[in-house]
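Start counting at 1 in the sequence shown, then tack on 1087, and there's your number in the working numbering. Please read the structure below before turning to the comments.
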Amino acid sequence: MLRMPLRLMFALSLFVAAPAVATPKPTPAPAVAPPVVAPVYTLAPLPYGTDALEPAIDKQTMETHHGKHHKAYVDNLNAAVAANPELAKLTLVDLMRDVSKYGPAVRNNGGGHYNHELFWRLMAPVGKGGTPSKALLAAINRDLGGLEAFKKTFADAGAKRFGSGWAWLVVTADKKLAVSSTPNQDNPLMDVAELKGTPVLALDVWEHAYYLKYMNRRGDYIAAWWTVVNWNEVSRLYEAAVR
Ligand code: MN3
1088 MLRMPLRLMF ALSLFVAAPA VATPKPTPAP AVAPPVVAPV YTLAPLPYGT
1138 DALEPAIDKQ TMETHHGKHH KAYVDNLNAA VAANPELAKL TLVDLMRDVS
1188 KYGPAVRNNG GGHYNHELFW RLMAPVGKGG TPSKALLAAI NRDLGGLEAF
1238 KKTFADAGAK RFGSGWAWLV VTADKKLAVS STPNQDNPLM DVAELKGTPV
1288 LALDVWEHAY YLKYMNRRGD YIAAWWTVVN WNEVSRLYEA AVR
């Protein structure tokens, strides 16, 4: 049994027995926690496994490219939209069309998100991507001198892009096909693009897209990349753009 001096016991008993005077009633907890605002943009899973594009694109590159680089664009775009809630009312394509109004965070990360979502869809495992549709092939013959000439023009656009950027096949306002390249995460939907149009094929030539496997050999990456182009999706996008 605990022994303590009488005086201390008395003091403690006073403390315990002290009447509750004017204790303010605790504020009742809200029944529902305040809603957490869902991020506007999300990182969708890849449409295939991270090893599905081997040997053209290695598993580790795909894991980092999708899980780290693309994720960072999504997170940073969400932060930019949270800082300017008016932007949440616009679609990603709307943001691209007037991107010069919205500052570098939206240009770089909105472009990064748009470009990578498209890029993943435009690839498929070797042997699964089909071939260009009759309509797409006819347009390539008409506007770009045939499939082989087009592939050379497109590969050159990617190979010669100084620093980081993208190569594009676009449908222009007059429904013609054209090849271009853009710096950084710019794309042909943007008001700042030299050649504007609807992208139907996109190639990421940032070093993060190929350096682990190809090191400085960007040309080898581009040559291998043709084996994983999803022509079925390119054809579908082309036909939607000229409709
Ligand atoms: Mn990339």
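Virtual Cβ for every residue (Gly too), placed ideally from N, Cα, C.
The beta strand (DSSP E) that contains L1290, what's its start and end?
1285-1291
Can you give, in chain order, each stretch of the beta strand (DSSP E) that sits fully within the region 1297-1328 and has at least 3 residues?
none
Which of helix, strand or coil does DSSP assign to S1251?
coil
Apart from the five residues on each side of it in sequence, which residues of its chain come closer than 6 Å, Cβ to Cβ, to G1250?
none
Among residues of its own chain, excluding the 5 on either side of L1282, which ones have a beta-carbon nearer than 7 Å to its beta-carbon?
V1257, A1265, S1267, P1275
Out of L1130, K1262, G1216, state which residue places its alpha-carbon closest to the alpha-carbon of V1321.
Taking only the C-alpha atoms, the option nearest V1321 is G1216.
Three-state secondary structure (DSSP) at T1269?
strand
Please list, in chain order, all residues of the same chain as L1164 whose beta carbon is under 6 Å from its beta carbon, the five residues on each side excluded.
Y1128, N1196, G1197, H1200
In this structure, how does DSSP classify V1258 when only helix, strand and coil are distinguished?
Strand, per DSSP.
Looking at the strands, I want to know which residues DSSP matches up with L1264.
V1258
Quick one: what does DSSP say M1149 is sitting in, helix, strand or coil?
helix
For M1210, name the three-state secondary structure that DSSP assigns.
DSSP places M1210 in the strand class (E or B) of the three-state scheme.
So the alpha helix (DSSP H) I1227 belongs to, where does it begin and stop?
1221-1231
Alpha carbon to alpha carbon, how far is K1158 from T1218?
The C-alpha of K1158 lies about 30 Å from the C-alpha of T1218.
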